[in-house]
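For the sequence shown, my numbering begins at 82 and goes up steadily by one.
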Amino acid sequence: MNMDRRIKFRHLDAFSAIARARSFKIAAEQLNLTQPAISKTLKELEDILGVVVMERSRSGVSLTPQGEVFLQFAEQSTAALRHGLRSIQATNAALGQLRLGALPSVASSLLPDAVRDFAVENPDTLVEVHEGPHHDLTSRLRSGGLDLVVGRLGKPDTMVGLSFQQLYSEEVVIVASPSSSAVTLRSAADLDRFRVLYPPKDSAIRPLVARLLIAQGVPLFRNRIETASPDFGRAVTLADLNTVWIISKGVVADDIEKGRLFPLKIDMASTQGAVGIMSRAEEVPSVATRTFARLLNDMCG
């Protein structure tokens, strides 16, 4: 059976209001209508449906069995339509701004080209880029402070209320200055001879690194500095030949390519992890958000 085009929003609103209030008078007041007007609206609905959905009595108004069934679907329909209208309004309001969060591994590699291409297509949209650790960015995304976050998939407890769309996979690397004696190392167990720049507890890559060390029987390094700062890590590793740095490959890809940093020949395959787009689950994204996500997918496709 097709939807009868004669059924309007006002019919469903009047029916729902009467059903909930169990009173024509109260329902009329809630909808700023007169009692004759709301009674007429209900009669129109019953004529369209061909059934009686409500019965009046001295004790008030009661739903018929048909009315009980129709109420459930009427309220679901109006709620869904109103949600759609709010989403459109929110989308239109957000056209002029896009707030992005990026983990260091993408802030220096994938994001610059994507933001540049987006700006060319959308010159009137203000783009904000915020860099930070995984926990901070996902918290801000969840609370509405960011529209998208691009980075590694985190632990399940950090992804509550968020959706994730994978773009590519990336592994963790251990790098040192090309002049450091660490470049000859082949085992993670030998790293304890050096100062280790290690991912902090709220880092997305820390569980992967910890799992690798446990699998190889390597205890947590005593001589370590925990940091998520690319600038600090790069400066210390380049200045101190006794330092090695455990970091996502995307952060140092350019340094490796240009010979500024050297990746150690230690097997890090088990640290492969998904990098992708994080957004709030069950939320209709804005046009700007959709456009940027499409650009990222095209770049990584």
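A virtual CB, placed ideally from N, CA and C, is assigned to each residue, including glycine.
Leaving out the 5 sequence neighbours to the left and right, which residues in its chain are closer than 8 Å to residue i when beta-carbon positions are compared?
i	result
residue 349	252, 253, 254, 255 and 293
residue 297	268, 269 and 270
residue 259	340, 341, 342 and 343
residue 247	234, 355, 356 and 357
residue 30	In the structure as shown, the chain starts at 82 and stops at 382, and residue 30 therefore has no counterpart that could be examined.
Can you list, in chain order, the residues of its chain whose CB lies under 6 Å from that of residue i, leaving out five sequence neighbours each side?
i	result
residue 376	195, 198 and 199
residue 273	302
residue 131	none
Enumerate in chain order the residues of its own chain whose CB-to-CB distance from residue i is below 7 Å, with the five nearest sequence positions on each side excluded.
i	result
residue 127	133 and 134
residue 122	91, 92 and 95
residue 114	none
Between which two residues does the beta strand (DSSP E) holding residue i run?
i	result
residue 385	Absent from the model: residue 385. The displayed extent of the chain is 82 to 382, so no value can be given.
residue 26	The displayed coordinates of the chain run from 82 to 382. Any statement about residue 26 would go beyond what the structure contains.
residue 328	324-329
residue 136	135-138
residue 120	Note, residue 120: premise wrong, no beta strand (DSSP E); alpha helix (DSSP H) at 116-130.
Measure from the alpha carbon of residue i to the alpha carbon of each residue in the options, then state which is nearest.
i	options	result
residue 137	155, 130 and 102	102
residue 147	96, 374, 228 and 186	96
residue 98	109, 88, 89 and 90	109
residue 359	282, 329 and 215	215
residue 282	291, 275 and 113	291
residue 223	182, 262, 111 and 286	182
For the alpha helix (DSSP H) containing residue i, list its first residue and its last residue.
i	result
residue 101	90-102
residue 375	368-381
residue 107	105-111
Would you mind listing the beta strand (DSSP E) stretches within the region 232-257 that are 3+ residues and don't spill past its ends, in chain order? 243-251 and 253-257
Using 8 Å as the threshold, is the region 331-343 in touch with the region 195-203, meaning 3 or more CB pairs across them? no
Using 8 Å as the Cβ pair cut-off and three pairs as the minimum, do the region 350-358 and the region 303-315 touch? no
At 3 residues or longer, what runs of the beta strand (DSSP E) sit wholly inside the region 182-236? 207-212 and 229-233
Within the region 285-343, note down every full beta strand (DSSP E) run reaching 3 residues or more, in order along the chain. 305-307 and 324-329
If you pair each beta-carbon of the region 362-369 with each one of the region 184-193, do three or more pairs fall below 8 Å? no
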